[in-house]
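Visitor: Mind looking over this structure? Questions follow.
Number of protein chains: 2
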Amino acid sequence: MIQLVQQESDFEEEAFLFKMFGDPARLHILYLLAEQPGQLCVRDIEEEIGRLAQPSVSHHLGLLYRAGLLYREKLGLHIYYRVKPAVLKKMASILGVLLASANKG
Amino acid sequence: MIQLVQQESDFEEEAFLFKMFGDPARLHILYLLAEQPGQLCVRDIEEEIGRLAQPSVSHHLGLLYRAGLLYREKLGLHIYYRVKPAVLKKMASILGVLLASANKG
């Protein structure tokens with residue numbers, strides 16, 4: 184049996200990252216930002232998605248930014264976003280640990 | 184620019200998997216099941232976690248099972264659970280696609 188030493192606070196922190204991916208609109212935004220890193224502002228994202236109004240896109244971008252998932256940069260009048268690769272790597276490594284354990288069973 | 188062709192329903196389906204990991208109690212349960220695949224029933228999990236009552240553990244196990252994340256097997260009086268490796272792999276591959284895109288930017 185593998186012992187995965189985890190604090191309760193680790194579960195909260197890790198679960199929070201997954202929760203950020205756990206909404207279809209946010210996941211769509213994350214895909215767009217990953218496809219075109221640093222090239223999309225809120226209006227571009229609104230246009231790409233179509234079904235989400237700008238306040239809703241802004242809300243999700245704010246959540247993702249405050250959750251530490253995004254870099255943002257102001258250029259002229261607009262703010263452009265990109266996904267932090269380190270966050271994606273952290274989540275992938277959590278899944279990797281779980282998969283390694285699950286496969287040993 | 185990489186085009187990640189996605190249907191709206193894909194986002195819903197994928198986001199739902201991440202949402203299942205987006206709760207600290209469920210994530211804790213997933214870690215335990217990955218560590219000891221097929222060896223834990225609801226009471227074992229309750230004992231391991233401590234701070235969650237059995238109805239709450241049952242509720243989360245039910246959610247995870249109906250979401251397609253778990254196998255379950257009845258042995259004697261108890262039901263034992265294990266995490267489906269395919270689900271972990273699918274989520275890891277979503278993160279891999281996002282990471283590959285994000286790194287190219």
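First to last, the sequence lines map onto chains A and B.
Numbered according to this note's numbering, the first sequence spans residues 184 to 288.
Numbered according to this note's numbering, the second sequence spans residues 184 to 288.
Ideal Cβ positions, reconstructed from N, Cα and C, are used throughout, including at glycine.
Would DSSP call A/Ile185 helix, strand or coil?
Guide: Per-residue confidence for A/Ile185 stands at a pLDDT of 48, beneath the threshold of 50, marking its modelled position as unreliable; the derived number appears in the next sentence. Residue state, collapsed to three classes: coil.
Visitor: Applying the 10 Å Cβ sphere with the 16-neighbour rule, what's the burial state of B/Gln190?
Guide: Answer is exposed; the Cβ neighbour count stays below 16.
Visitor: If we define contact as Cβ-Cβ less than 8 Å, is B/Lys257 a contact residue for chain A?
Guide: It does not: the Cβ of B/Lys257 has no partner Cβ on chain A nearer than 8 Å.
Visitor: Looking at the C-beta of A/Met184, does it have a partner C-beta in chain B at a distance below 8 Å?
Guide: Low per-residue confidence applies at A/Met184: pLDDT is 43, beneath 50, and the placement is therefore not dependable, though the value from the model is reported in the following sentence. Chain B contact via Cβ: present.
Visitor: Output needed in chain order: residues of the segment 273–286 of chain B with a Cβ under 9 Å from some Cβ in chain A.
Guide: Hits within the stretch, in order: Met274, Ala275, Ile277, Leu278, Gly279, Val280, Leu281, Leu282, Ala283, Ser284, Ala285 and Asn286.
Visitor: Do B/Phe194 and A/Pro207 have their beta-carbon atoms positioned less than 8 Å apart in this structure?
Guide: Yes, the Cβ-Cβ distance between A/Pro207 and B/Phe194 is below 8 Å.
Visitor: Would you mind listing the beta strand (DSSP E) stretches within the segment 198–253 of chain B that are 3+ residues and don't spill past its ends, in chain order?
Guide: Correct list: empty.
Visitor: Kindly give me the distance between the Cβ atoms of A/Ile212 and A/Leu244, rounded to whole angstroms, as I take these residues to be in contact under 8 Å.
Guide: Sure, about 7 Å apart at Cβ, within 8 Å.
Visitor: When DSSP labels each residue in this structure, what does B/Leu271 get in the three-state scheme?
Guide: B/Leu271: helix per DSSP, three-state reduction.
Visitor: Looking at the C-beta of B/Glu229, does it have a partner C-beta in chain A at a distance below 8 Å?
Guide: Cβ-Cβ to chain A under 8 Å: no for B/Glu229.
Visitor: If I'm right that A/Ala292 touches B/Ala269 with Cβ under 8 Å, what's the distance once you round it to whole angstroms?
Guide: Residue 292 of chain A cannot be examined here, being either before or after the span of chain A that is shown, 184 to 288.
Visitor: I need the straight-line Cα distance from B/Glu197 to A/Gly259, nearest angstrom please.
Guide: Taking the straight line joining both Cα atoms gives about 35 Å.
Visitor: Can you give me the C-alpha to C-alpha distance between B/Ser239 and A/Gly221, rounded to a whole angstrom?
Guide: B/Ser239 and A/Gly221: Cα-Cα distance of roughly 42 Å.
Visitor: Can you give the Cα-Cα distance for B/Leu235 and B/Leu247, rounded to whole angstroms?
Guide: Going from the Cα of B/Leu235 to the Cα of B/Leu247 covers about 16 Å.
Visitor: Please go through the same chain and pick out, in chain order, the residues whose beta-carbon is closer than 8 Å to the beta-carbon of B/Ile232, but skip the five residues on each side of it.
Guide: For B/Ile232, where only same-chain residues beyond five positions count, the Cβ hits under 8 Å are Ala208, His211, Ile212, Leu215 and Val240.
Visitor: With DSSP as the reference, label B/Leu289 as helix, strand or coil.
Guide: With chain B running from 184 to 288 in the structure shown, residue 289 of chain B is simply not present.
Visitor: Alpha carbons only, please: which of A/Lys287, A/Val225, A/Met274 and A/Leu278 is nearest the one belonging to A/Arg265?
Guide: Taking only the C-alpha atoms, the option nearest A/Arg265 is A/Val225.
Visitor: Can you tell me which residues form a DSSP beta bridge with A/Arg258?
Guide: A quick correction: the sequence has Leu, not Arg, at residue 258 of chain A. Looking at the DSSP assignment, A/Leu258 forms a beta bridge with A/His261.
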